[in-house]
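Visitor:
Protein chains: 2
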Amino acid sequence: MARAIAGGRPTVKDVALAAGVSATTVSRVLAGNYPVSASTRNRVLRAVQDLDFVINAQARALVGGSTRTVAFVVRDLVGPLFAYIGQGVEQQATAEGRVCLVCTHHGDADRELELIELMREQQAEAVVLVGGGLRTPEHVERMAQIARSLERVGSRLVLCGRPPIGPDAPATVVEYDNEGGAFAVTNYLISLGHRRIAFIGAAEPNHTTTSARFEGFARAHRAHGLDVDDNLVVGGTFDRESGYRQTKTLLARDTGMTAILGITDMVASGILAALHEAGLRVPEDISVAGYDDIPLSADLSPALTTVHIPHEELGRAAVRLALHRDEYALDQHLMLGTHVVIRDSTAPPEERDAR
Amino acid sequence: MARAIAGGRPTVKDVALAAGVSATTVSRVLAGNYPVSASTRNRVLRAVQDLDFVINAQARALVGGSTRTVAFVVRDLVGPLFAYIGQGVEQQATAEGRVCLVCTHHGDADRELELIELMREQQAEAVVLVGGGLRTPEHVERMAQIARSLERVGSRLVLCGRPPIGPDAPATVVEYDNEGGAFAVTNYLISLGHRRIAFIGAAEPNHTTTSARFEGFARAHRAHGLDVDDNLVVGGTFDRESGYRQTKTLLARDTGMTAILGITDMVASGILAALHEAGLRVPEDISVAGYDDIPLSADLSPALTTVHIPHEELGRAAVRLALHRDEYALDQHLMLGTHVVIRDSTAPPEERDAR
DNA sequence: GGCAGCATAGTTAACGTTTTCTACGCGGTG
DNA sequence: CACCGCGTAGAAAACGTTAACTATGCTGCC
Chain A
1 MARAIAGGRP TVKDVALAAG VSATTVSRVL AGNYPVSAST RNRVLRAVQD
51 LDFVINAQAR ALVGGSTRTV AFVVRDLVGP LFAYIGQGVE QQATAEGRVC
101 LVCTHHGDAD RELELIELMR EQQAEAVVLV GGGLRTPEHV ERMAQIARSL
151 ERVGSRLVLC GRPPIGPDAP ATVVEYDNEG GAFAVTNYLI SLGHRRIAFI
201 GAAEPNHTTT SARFEGFARA HRAHGLDVDD NLVVGGTFDR ESGYRQTKTL
251 LARDTGMTAI LGITDMVASG ILAALHEAGL RVPEDISVAG YDDIPLSADL
301 SPALTTVHIP HEELGRAAVR LALHRDEYAL DQHLMLGTHV VIRDSTAPPE
351 ERDAR
Chain B
356 MARAIAGGRP TVKDVALAAG VSATTVSRVL AGNYPVSAST RNRVLRAVQD
406 LDFVINAQAR ALVGGSTRTV AFVVRDLVGP LFAYIGQGVE QQATAEGRVC
456 LVCTHHGDAD RELELIELMR EQQAEAVVLV GGGLRTPEHV ERMAQIARSL
506 ERVGSRLVLC GRPPIGPDAP ATVVEYDNEG GAFAVTNYLI SLGHRRIAFI
556 GAAEPNHTTT SARFEGFARA HRAHGLDVDD NLVVGGTFDR ESGYRQTKTL
606 LARDTGMTAI LGITDMVASG ILAALHEAGL RVPEDISVAG YDDIPLSADL
656 SPALTTVHIP HEELGRAAVR LALHRDEYAL DQHLMLGTHV VIRDSTAPPE
706 ERDAR
């Protein structure tokens with residue numbers, strides 16, 4: 001009681017003293033895993049109230065084994081894509097009684113490694129990595145090593161929206177059908193009658209997201225016996241600015257394109273802006289489609305045709321699988337479906353002397 | 356070494372054994388706060404590498420006192436407003452060598468209290484609460500009590516974007532000039548010549564954000580000797596749907612309004628949609644302004660005039676002030692400025708026989 | 001040559017919990 | 001009446017780390 005008055009953080013011992021019992025009994029009342037007589041329980045509870053006692057989670061974790069913590073390593077907190085996955089992770093973690101650590105690396109791969117190390121110190125039960133990464137052999141090997149490191153300390157690496165890193169590495173993988181979505185939306189454009197479709201964002205062939213989406217684009221062409229014209233394929237990053245700039249480039253080329261597929265919705269939004277500026281109507285003069293189905297897409301004018309990713313479910317599944325990896329031991333690799341969302345930015349190409 | 360092979364998590368003792376030194380020496384090498392001979396240091400570092408050792412953050416916190424953790428309690432992770440503040444919090448926390456815990460309460464006040472309790476268990480150095488709250492006397496008193504609770508365990512309550520809870524409560528407050536921004540944007544509309552300006556989102560007079568913004572709106576009218584017409588003031592929530600619905604209501608009333616101020620940008624986006632549907636041009640027929648300056652606003656058509664809030668700086672300042680509250684002891688209450696961002700959705704009212 | 005003082009290393013006791021293991025009554029059974 | 005078992009409680013050890021002491025050689029000064 002002296003401690004409580006002195007303002008120090010009350011401990012189990014202080015509560016025990018105040019209630020006239022032993023520390024063990026206090027622990028048992030709080031945990032409720034051992035029979036304690038009603039009168040004792042009440043005295044303890046009373047003392048807990050009086051002292052405004054809260055348990056020390058670190059001390060509990062030290063002896064109890066588990067920190068009940070899930071870590072979430074992501075490129076950025078802003079941006080609808082990551083935020084929604086993050087929301088899924090946070091919700092599922094909360095639902096499972098875990099608290100959620102979050103770190104951002106802003107695209108810096110070394111920083112990402114540092115963060116994983118930090119999470120290993122924190123003894124997170126699961127470390128969820130979000131977003132596409134490089135797929136160079138070195139990087140994959142490094143990931144596999146990290147997976148083993150984490151496993152050794154009882155933690156679990158979870159790859160969310162990123163392809164697996166080999167069968168031997170102990171990791172949970174929750175991805176979505178990136179290539180299939182790109183195939184589907186390209187297929188849709190082709191079925192509308194488009195034959196000259198541009199692709200914006202094909203840079204970094206080693207980036208898993210980039211290559212999967214481009215591959216779906218290419219496969220849809222092959223399926224219809226069409227060739228992909230290299231003149232219609234340009235690079236760039238995932239942001240709006242890139243879509244805007246690359247569209248200008250394409251327009252300057254006079255390629256005869258009747259549709260553009262942006263590698264992300266943000267890119268597509270830049271495409272729309274550039275076309276608008278050039279006096280071209282969407283979808284009458286040119287069709288535009290994106291990828292991700294971020295909330296913004298429905299509000300663009302025209303509303304954007306795009307590929308829907310189950311963002312939130314991706315995050316939830318990641319946590320669920322990782323925490324119950326004993327039960328779900330069989331399928332620690334989940335592939336969620338994507339589907340095309342048809343809105344107003346796509347239409348059949350108008351008959352005109354294109355080219 | 357036997358342990359390492361057995362797969363258990365290596366401890367300082369294991370490293371000490373492998374390096375042929377004592378645990379203390381290992382600790383000293385890792386902390387670098389005590390002279391250790393080069394050869395010893397190398398042997399220890401070598402053993403750390405070999406065993407793939409990471410320190411146990413819980414154990415360190417237990418004895419060291421600090422968890423180096425900042426908690427971040429927010430309504431939602433999605434939505435540009437919270438995400439940007441969150442980004443600021445995370446960045447500053449990282450910059451200060453802290454890790455960041457994040458929890459969402461989805462607007463449930465009881466859940467918020469639970470989370471604060473949880474963060475108290477976690478021994479977070481600072482607990483940052485984001486977003487407006489109720490300002491009923493009970494709620495304020497409860498907050499003050501929480502502030503004291505947290506202080507007692509060495510933690511610090513930080514109110515971010517929420518007004519202070521009284522001078523006696525030990526809390527750090529970082530807010531922005533909500534009322535001033537509303538005043539400024541309303542003043543701007545009036546100076547353009549608007550006299551009949553509607554306000555959408557005035558429900559919940561006890562909500563701090565709502566009341567501050569409405570008060571700024573009203574003060575601007577008073578400053579120009581104008582009255583606020585109750586017919587032009589409607590309630591609703593902070594989302595797009597509300598803006599859409601309430602605009603329909605206003606339009607049905609035939610109020611002769613020439614401008615609408617939405618309580619948030621999301622509301623303004625709903626307003627734009629409803630006006631577009633009604634065949635009204637913005638800003639020719641009617642001007643629209645919002646509040647928050649979320650990234651979406653620049654992409655709406657027309658681009659939205661709004662009030663800019665320094666979201667990210669809000670989050671950064673929150674963490675900075677709380678962690679260095681000894682240095683910044685004087686000003687633990689910071690008020691950041693807001694300013695009007697003029698875009699394309701506002702213009703002088705057209706001369707026409709408006710009712 | 002004795003001793004102060006420094007550089008380096010080890011011992012031991014915390015930190016706040018939980019988890020054995022042990023102890024004490026007491027009612028029921030053989 | 002001795003003893004088993006059950007319900008309840010406490011004592012002590014353990015978790016992995018750090019900090020406060022203590023210990024050992026050395027260098028160098030008087």
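One line per chain: the protein sequences are A and B, in this order.
Take 1 as the starting number for the first sequence in this note's numbering and just add one per residue.
Take 356 as the starting number for the second sequence in this note's numbering and just add one per residue.
Where is the CB? At the ideal position from N, CA and C, for every residue including glycine.
Would you tell me roughly how many angstroms separate the C-alpha atoms of residue 708 of chain B and residue 632 of chain B, rounded to the nearest one?
Guide: Position 353 of the second sequence, counted from the first residue, corresponds to residue 708 of chain B. Position 277 of the second sequence, counted from the first residue, corresponds to residue 632 of chain B. Note that residue 708 of chain B scores a pLDDT of 49, beneath 50, so its modelled location is shaky and nothing firm can be said.
Visitor: Would residue 305 of chain A pass as an interface residue toward chain B - the criterion being a Cβ-Cβ separation below 9 Å?
Guide: For the purposes of this step, residue 305 of chain A is identified with residue 305 of the first sequence, where counting begins at 1. No, residue 305 of chain A lies away from the interface with chain B (no Cβ there is under 9 Å from its Cβ).
Visitor: Taking C-beta pairs closer than 8 Å, name the residues in chain A that residue 527 of chain B reaches, listed in chain order.
Guide: Locating residue 527 of chain B in the second sequence gives position 172, where the first residue counts as 1. Result: empty, since nearest Cβ-Cβ is about 19 Å, beyond 8 Å.
Visitor: Rank A:80, A:106, A:123 and A:16 by C-alpha distance to the C-alpha of residue 63 of chain A and give the top, closest one.
Guide: Translated into the one-based positions of the first sequence, residue 63 of chain A becomes position 63. Considering only alpha carbons, the answer is A:123.
Visitor: Residue 283 of chain A touches chain B at which residues, Cβ-Cβ below 7 Å?
Guide: Here residue 283 of chain A is taken as the residue at index 283 of the first sequence, counted from 1. Under the 7 Å cutoff, chain B gives no residues; its nearest Cβ is about 16 Å from residue 283 of chain A.
Visitor: I believe residue 305 of chain A touches residue 292 of chain A by the beta-carbon criterion, under 8 Å. Please report the beta-carbon distance rounded to the nearest angstrom.
Guide: For the purposes of this step, residue 305 of chain A is identified with residue 305 of the first sequence, where counting begins at 1. For the purposes of this step, residue 292 of chain A is identified with residue 292 of the first sequence, where counting begins at 1. Wrong, their Cβ atoms sit about 12 Å apart, outside the cutoff.
Visitor: Between A:182, A:53, A:11 and A:153, which has its C-alpha nearest residue 339 of chain A's C-alpha?
Guide: Your numbering for residue 339 of chain A matches position 339 in the first sequence. Here the closest residue by C-alpha is A:182.
Visitor: Taking a contact to mean a Cβ-Cβ separation below 9 Å, would you say residue 399 of chain B touches residue 376 of chain B in this structure?
Guide: Counted from its first residue, the second sequence places residue 399 of chain B at position 44. Counted from its first residue, the second sequence places residue 376 of chain B at position 21. Cβ distance < 9 Å, so residue 399 of chain B and residue 376 of chain B count as in contact.
Visitor: Residue 665 of chain B CB to nearest chain A CB: under 9 Å?
Guide: Stepping through the second sequence from its first residue, residue 665 of chain B is reached at position 310. No - not a single Cβ of chain A is within 9 Å of the one on residue 665 of chain B.
Visitor: Does residue 55 of chain A come out as helix, strand or coil in the three-state DSSP assignment?
Guide: Start at 1 with the first residue of the first sequence, and residue 55 of chain A comes out as number 55. Of the three classes helix, strand and coil, the one that applies to residue 55 of chain A here is coil, per DSSP.
Visitor: Going along the chain, which residues of the segment 445 to 462 of chain B sit with their C-beta nearer than 8 Å to a C-beta in chain A?
Guide: Against chain A - using a Cβ distance shorter than 8 Å - the residues of the segment 445 to 462 of chain B are 445, 446, 449, 454, 455, 456, 457, 458 and 459.
Visitor: How would you call residue 420 of chain B, buried or exposed, if buried means at least 16 neighbouring beta carbons within 10 angstroms?
Guide: In the second sequence, counting from the first residue as 1, residue 420 of chain B sits at position 65. Its Cβ having fewer than 16 others within 10 Å, residue 420 of chain B is exposed.
Visitor: What are the start and end residues of each continuous beta strand (DSSP E) run of 3 or more residues lying completely inside the segment 440 to 511 of chain B, in chain order?
Guide: The segment 440 to 511 of chain B contains these whole beta strand (DSSP E) runs: 454 to 459 and 481 to 485.
Visitor: Residue 67 of chain A versus chain B: which residues are under 8 Å apart at the beta carbon?
Guide: Looking up residue 67 of chain A in the first sequence gives position 67. Those within 8 Å of residue 67 of chain A in chain B are 413.
Visitor: Could you give the DSSP three-state label for residue 699 of chain B: helix, strand or coil?
Guide: Locating residue 699 of chain B in the second sequence gives position 344, where the first residue counts as 1. Note: residue 699 of chain B maps to coil in three-state DSSP.
Visitor: Among A:249, A:198 and A:24, whose alpha-carbon lies nearest the alpha-carbon of residue 186 of chain A?
Guide: Position 186 of the first sequence, counted from the first residue, corresponds to residue 186 of chain A. Comparing Cα positions, the closest option is A:198.
Visitor: Alpha carbon to alpha carbon, how far is residue 355 of chain A from residue 140 of chain A?
Guide: For the purposes of this step, residue 355 of chain A is identified with residue 355 of the first sequence, where counting begins at 1. For the purposes of this step, residue 140 of chain A is identified with residue 140 of the first sequence, where counting begins at 1. Any reading at residue 355 of chain A must be qualified, since the residue scores a pLDDT of 43, below 50, and its modelled position is unreliable; the value itself is stated next. Roughly 44 Å separates the two Cα atoms.
Visitor: Name the two residues that bound the continuous beta strand (DSSP E) containing residue 287 of chain A.
Guide: As a working mapping, residue 287 of chain A is identified with position 287 in the first sequence. Here the beta strand (DSSP E) through residue 287 of chain A covers 287 to 289.
Visitor: DSSP puts residue 199 of chain A in a beta bridge; with which residues?
Guide: Numbered from 1 along the first sequence, position 199 holds the residue referred to as residue 199 of chain A. Residue 199 of chain A is bridged to A:233 and A:261.
Visitor: What is the DSSP secondary structure of residue 372 of chain B, counted as helix, strand or coil?
Guide: The residue given as residue 372 of chain B occupies position 17 in the second sequence. In the structure shown, residue 372 of chain B sits in a helix (DSSP, three-state: H, G or I).
Visitor: Out of A:152, A:95, A:221 and A:115, point me to the one whose CA is closest to residue 169 of chain A's CA.
Guide: Mapped onto the first sequence, residue 169 of chain A falls at position 169. Taking only the C-alpha atoms, the option nearest residue 169 of chain A is A:152.
Visitor: What does residue 416 of chain B reach in chain A if we use C-beta pairs closer than 8 Å?
Guide: Position 61 of the second sequence, counted from the first residue, corresponds to residue 416 of chain B. Within chain A, the residues near residue 416 of chain B are 58.
Visitor: What is the rounded straight-line gap between the Cα of residue 349 of chain A and the Cα of residue 282 of chain A?
Guide: Within the first sequence, numbered from 1, the residue matching residue 349 of chain A stands at position 349. Within the first sequence, numbered from 1, the residue matching residue 282 of chain A stands at position 282. Residue 349 of chain A and residue 282 of chain A: Cα-Cα distance of roughly 10 Å.
Visitor: In this structure, does DSSP put residue 339 of chain A in helix, strand or coil?
Guide: Position 339 of the first sequence, counted from the first residue, corresponds to residue 339 of chain A. DSSP places residue 339 of chain A in strand when its eight states are reduced to three.
Visitor: Per DSSP, what are the beta-bridge partners of residue 526 of chain B in this structure?
Guide: As a first step, residue 526 of chain B is located in the second sequence; it is residue number 171 there, counting from the start. Residue 526 of chain B pairs with B:512.
Visitor: For residue 242 of chain A and residue 270 of chain A, which I take to be in contact (beta-carbon distance under 8 Å), what is that distance rounded to the nearest angstrom?
Guide: Indexing the first sequence from 1 puts residue 242 of chain A at position 242. Indexing the first sequence from 1 puts residue 270 of chain A at position 270. Rounded, the Cβ-Cβ distance is 6 Å, consistent with contact.
Visitor: State the start and end residues of the unbroken beta strand (DSSP E) segment that holds residue 426 of chain B.
Guide: Numbered from 1 along the second sequence, position 71 holds the residue referred to as residue 426 of chain B. Where residue 426 of chain B is concerned, the enclosing beta strand (DSSP E) stretches over 424 to 429.
Visitor: Below 7 Å on C-beta distance, what does residue 84 of chain A contact in chain B?
Guide: As a position in the first sequence, residue 84 of chain A is number 84, starting the count at 1. 433, listed in chain order.
Visitor: Straight-line CA distance for residue 558 of chain B to residue 568 of chain B?
Guide: The sequence position of residue 558 of chain B within the second sequence is 203, counting from 1. The sequence position of residue 568 of chain B within the second sequence is 213, counting from 1. In a straight line, the C-alpha of residue 558 of chain B is about 11 Å away from that of residue 568 of chain B.
Visitor: Could you say if the segment 174 to 181 of chain A and the segment 243 to 257 of chain A meet the contact criterion of at least three C-beta pairs nearer than 8 Å?
Guide: With a cut-off of 8 Å, the segment 243 to 257 of chain A and the segment 174 to 181 of chain A do not count as touching, because too few Cβ pairs lie within range.
Visitor: Using a Cβ cut-off of 9 Å (strictly closer), state whether residue 1 of chain A contacts chain B.
Guide: Position 1 of the first sequence holds residue 1 of chain A. Confidence is the limiting factor: at residue 1 of chain A the pLDDT is only 38, short of 50, which leaves the residue's position unreliable, though a coordinate-based value still follows. Taking Cβ atoms only, chain B never reaches closer than 9 Å to residue 1 of chain A, which makes this a no.
Visitor: Taking all protein chains shown into account, decide if residue 34 of chain A is buried (16 or more other Cβ within 10 angstroms of its Cβ) or exposed.
Guide: Your numbering for residue 34 of chain A matches position 34 in the first sequence. Result: exposed.
Visitor: Compute the Euclidean distance between the alpha carbons of residue 640 of chain B and residue 93 of chain A, then round it to the nearest angstrom.
Guide: Mapped onto the second sequence, residue 640 of chain B falls at position 285. Mapped onto the first sequence, residue 93 of chain A falls at position 93. One C-alpha to the other measures close to 49 Å.
Visitor: With residue 644 of chain B and residue 623 of chain B assumed to form a contact (beta carbons below 8 Å), what rounded beta-carbon distance in angstroms separates them?
Guide: On the second sequence, residue 644 of chain B is found 289 positions in, with the first residue counted as 1. On the second sequence, residue 623 of chain B is found 268 positions in, with the first residue counted as 1. About 7 Å separates the two Cβ atoms, so the contact holds.
Visitor: In three-state DSSP terms, what is residue 637 of chain B?
Guide: Sequence index remark: in the second sequence, residue 637 of chain B carries index 282 (1-based). Coil, per DSSP.
Visitor: What does the Cβ neighbour count give for residue 24 of chain A, buried or exposed, with the cut at 16 atoms within 10 Å?
Guide: Mapped onto the first sequence, residue 24 of chain A falls at position 24. It is exposed - the Cβ of residue 24 of chain A has fewer than 16 other Cβ atoms within 10 Å.
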